[in-house]
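Numbering (this note's numbering), first residue to last: 7 to 116.
Just so it is clear, CB atoms sit at the ideal spot from N, CA and C, and this is done for glycine as well.
No experiment lies behind these values; they were computed from the predicted model shown.
The next block holds one structure in the form of structure tokens; read it before the comments.
What follows is the structure, encoded as structure tokens:
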């Protein structure tokens, strides 16, 4: 008997299925949230939070697999990471968050 497993990525805001869905995390009043969004909906979330982020204070970054999120990118901006990815024939979206796989590939190369 053959078995086929299908993974369906769904935007938590719209319910739309897409291979472009990425997981994003944020915190409010000590409660941590995780949401799966396509890049357009992430842009909407970021635009809504942007004035609060600009007015707020950073208190640190979360740790992922023993390293901070930006450590893998060596302080590069999202656009610099995208440019590096394209130069190295890696597929990357024009907008939204740069995938962890790109940041990890950059870290391994440097």
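With 16 as the cutoff for other CB atoms within 10 Å, does residue i come out buried or exposed?
{"i": "residue 47", "result": "buried"}
{"i": "residue 109", "result": "buried"}
For a quick check, are the C-beta atoms of residue i and residue j less than 8 Å apart?
{"i": "residue 29", "j": "residue 49", "result": "no"}
{"i": "residue 98", "j": "residue 91", "result": "yes"}
{"i": "residue 39", "j": "residue 27", "result": "no"}
Give the DSSP bridge partners of residue i, in chain order.
{"i": "residue 33", "result": "38"}
{"i": "residue 28", "result": "43"}
Apart from the five residues just before and just after residue i, which ones in its own chain have a Cβ nearer than 7 Å to its Cβ?
{"i": "residue 7", "result": "none"}
{"i": "residue 24", "result": "15, 17, 44"}
Output needed for residue i: all residues of its chain with C-beta closer than 8 Å, excluding positions within five of it in sequence on either side, in chain order.
{"i": "residue 104", "result": "79, 84, 87, 88, 91, 98"}
{"i": "residue 22", "result": "16, 44"}
Between residue i and residue j, which are expected to be in contact by the criterion C-beta below 8 Å, what is the C-beta distance as a whole number of angstroms?
{"i": "residue 115", "j": "residue 96", "result": "With 8 Å as the limit, residue 115 and residue 96 do not qualify as a contact, their Cβ atoms being about 10 Å apart."}
What residues in its chain sit with their C-beta under 6 Å from that of residue i, if we drop five residues either side in the sequence?
{"i": "residue 102", "result": "45, 48"}
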